[in-house]
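Participant: One structure follows; several queries about it will come next.
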Amino acid sequence: MTSSSTRPANPIDVEDVRIRVNAALAAFMDGQSALLGGISPQLVPAADALRDFLLDGGKRLRPAFCYWGWRAAGGPAGGEGIANAAAALELLQASALVHDDLMDRSDTRRGLPSIHRRFEALHRASGWRGDREQYGASAAVLLGDLLLIWCDELFLRSGLEPAAVLAAKPVFDLMRTEVMLGQYLDVLEPVAGDSTDEGALDRARTVLHYKSAKYTIERPLQVGALLAGAGPELVEALGAFGLPLGEAFQLRDDLLGVFGDPAVTGKPAGDDLREGKRTLLVAHAMRALPAADARHLDARLGAPDLAAEEVAALRDLVARSGAPELVEQRIEQLMRESLAALEAAPLADERARTVLLALAEAATVRKY
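With the working numbering, letter number 190 in the sequence shown gets 285, and the count goes up by one each step, no holes.
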């Protein structure tokens, strides 16, 4: 999809962004940890937990797309400012994950205890009074909120020109609003939606767009481009590339959430079934299964007493429905749309086109 004169993608291009973002996060957390410790020594466990959560080696996908949106608009390769601004997206991601794990009752994140479980364990080990689960939940809400505050702080104090930050801030704010509303719709669907009705697929797509697709790729690209002074044509072109790619990324994640290897995903096998996620994969399965099987899947999805054997049985139902094949076909269609848009996009830096192609492939070609 790139011109013959463009050099092939170099993994160093992507790894360099990860290193710079990690350094920006570490420097930011040095300051925030000192702030928390200065307020009270009782806040040191909170500072340590947030540092561990942020610096645990995540994919840094959103910062990468932000940075290469910046380069696509002609932003220079170096400088701490863009690394800081891109790192702010990782603080937003961490905030969302802390809250998401609490809402989904997830025990682990990337193979480590989720934040609410970590603070439950601290309560237990310290022999404190009261309900340790409530304490863990309260800590997760407050620390997730703190990360959300910090993402704004790091973005505004990135060191980039104030006019550039001001130009990008409306899309940065829109991204945060969209992901919160997408998350709310995701919480609403299991309690108010009918997974077997005609609107289930449309509702699943809406959640997918706003909880993940826009927030993971489209908006980070556009924020980075606006920070570099991009005009409306490029911003729109990056959206045409990023939105279908973001949808394909989430569909791949949905497949991994049901069929993924825990060694790869860092979460228990079939975790999305335990959490009751009403994804497009599940919506397709509900429509394709015989009525009795669809009702059973609907009734048992996310049940508190779901044992490992029943998770495996539900996973088999989804597999037999043919839904995974439909999702794979949709991923292929979305990738064609996304890469065609990338090919046509008026990028200021051809290197950005090559690296964005490599990032697209990395985001969607992930194995179970």
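Virtual Cβ for every residue (Gly too), placed ideally from N, Cα, C.
Could you pull out every residue in the same chain whose Cβ sits closer than 7 Å to the Cβ of L338, ignoring the five residues on either side in sequence?
Facilitator: Residue numbering aside, residue 338 sits at position 243 when the sequence shown is read from its first letter. If we look at L338 and ignore the five residues flanking it on each side, its Cβ neighbours are A308, K309, E313.
Participant: Tell me, to the nearest whole angstrom, how far the beta carbon of P285 is from that of G371; I am working on the premise that it is less than 8 Å.
Facilitator: One-based indexing of the sequence shown puts residue 285 at position 190. One-based indexing of the sequence shown puts residue 371 at position 276. Confirmed, about 5 Å.
Participant: State the Cα-Cα distance for the pair A295 and P257, rounded to the nearest angstrom.
Facilitator: Mapped onto the sequence shown, residue 295 falls at position 200. Mapped onto the sequence shown, residue 257 falls at position 162. When rounded, the distance between both Cα atoms is 44 Å.
Participant: Pick helix, strand or coil for T449, following the three-state DSSP scheme.
Facilitator: As a position in the sequence shown, residue 449 is number 354, starting the count at 1. Here T449 sits in helix by DSSP.
Participant: In whole angstroms, what separates the C-alpha of D195 from that of G277?
Facilitator: Taking the sequence shown and counting its residues from 1, the one referred to as residue 195 is at position 100. Taking the sequence shown and counting its residues from 1, the one referred to as residue 277 is at position 182. Approximately 12 Å, taken between the alpha carbons.
Participant: Could you check what DSSP says for T291 in three-state terms: helix, strand or coil?
Facilitator: Position 196 of the sequence shown holds residue 291. Of the three classes helix, strand and coil, the one that applies to T291 here is coil, per DSSP.
Participant: Note down, in chain order, each residue of its chain lying with its Cβ closer than 6 Å to the Cβ of S128, except the 5 sequence neighbours on either side.
Facilitator: On the sequence shown, residue 128 is found 33 positions in, with the first residue counted as 1. Answer for S128: A142, listed in chain order.
Participant: To the nearest angstrom, report how far apart G239 and R271 are at their CA atoms.
Facilitator: Working through the sequence shown from its first residue, we reach residue 239 at position 144. Working through the sequence shown from its first residue, we reach residue 271 at position 176. Rounded to the nearest angstrom, the two C-alpha atoms are 13 Å apart.
Participant: With respect to the alpha helix (DSSP H) encompassing L230, which residues constitute its N-terminal and C-terminal limits?
Facilitator: Taking the first residue of the sequence shown as position 1, residue 230 is located at position 135. Strictly speaking, residue 230 in this sequence is Tyr, with Leu absent from that position. Note, Y230: alpha helix (DSSP H), 227-251.
Participant: Hey, how far is the Cα of L321 from the Cα of Y305?
Facilitator: Start at 1 with the first residue of the sequence shown, and residue 321 comes out as number 226. Start at 1 with the first residue of the sequence shown, and residue 305 comes out as number 210. One C-alpha to the other measures close to 20 Å.
Participant: Per the contact definition of three or more C-beta pairs closer than 8 Å, is the region 324-331 in contact with the region 159-173?
Facilitator: The region 159-173 is in contact with the region 324-331.
Participant: Looking at the strands, I want to know which residues DSSP matches up with L207.
Facilitator: Working through the sequence shown from its first residue, we reach residue 207 at position 112. In DSSP, L207 forms a bridge with R204.
Participant: Count the C-beta pairs between the region 427-436 and the region 392-400 that are closer than 8 Å, then say yes if the count reaches three, no if not.
Facilitator: As far as the Cβ criterion goes, the region 427-436 does not touch the region 392-400, which means the pair count is below three.
Participant: Where are the alpha helix (DSSP H) runs, 4 residues long or more, that stay fully inside the region 282-358, in chain order?
Facilitator: Taking only runs of at least 4 residues, the alpha helix (DSSP H) segments lying wholly in the region 282-358 are 295-302, 314-322, 327-354.
Participant: Taking the alpha-carbon of R373 as reference, which of L451, E423, G288 has the nearest alpha-carbon?
Facilitator: Looking up residue 373 in the sequence shown gives position 278. It is G288.
Participant: Quick check on DSSP: helix, strand or coil for L187?
Facilitator: Sequence index remark: in the sequence shown, residue 187 carries index 92 (1-based). Note: L187 maps to helix in three-state DSSP.
Participant: Express the C-alpha separation of L442 and S233 in angstroms, rounding to a whole number.
Facilitator: For the purposes of this step, residue 233 is identified with residue 138 of the sequence shown, where counting begins at 1. For the purposes of this step, residue 442 is identified with residue 347 of the sequence shown, where counting begins at 1. Their backbone Cα atoms lie some 45 Å apart in a straight line.
Participant: Using alpha carbons as the reference points, say which of G355, D411, D356, P399 lies closest to M381.
Facilitator: The sequence position of residue 381 within the sequence shown is 286, counting from 1. Nearest C-alpha to M381: D411.
Participant: Looking only at its chain, what residues have a beta carbon closer than 7 Å to the beta carbon of A447, apart from the 5 residues adjacent to it on each side?
Facilitator: As a working note, residue 447 is residue 352 in the sequence shown. Around A447: W163, R166, A167.
Participant: How would you write the range of the alpha helix (DSSP H) that D151 sits in, first residue to last?
Facilitator: The residue labelled residue 151 in the question sits at position 56 within the sequence shown. That residue, D151, is in no alpha helix (DSSP H); it is neither H nor E in DSSP.
Participant: Is it true that the CB of P419 sits closer than 8 Å to the CB of L350?
Facilitator: Position 255 of the sequence shown, counted from the start, is the residue given in the question as residue 350. Position 324 of the sequence shown, counted from the start, is the residue given in the question as residue 419. Result yes, Cβ atoms of L350 and P419 sit closer than 8 Å.
Participant: Just the Cα atoms here: how many angstroms apart are A104 and L184?
Facilitator: Numbered from its first residue, the sequence shown carries residue 104 at position 9. Numbered from its first residue, the sequence shown carries residue 184 at position 89. Bear in mind that the predicted position of A104 carries a pLDDT of just 49, short of 50, making it unreliable; the figure below should be weighed with that in mind. Roughly 24 Å between the two C-alpha positions.
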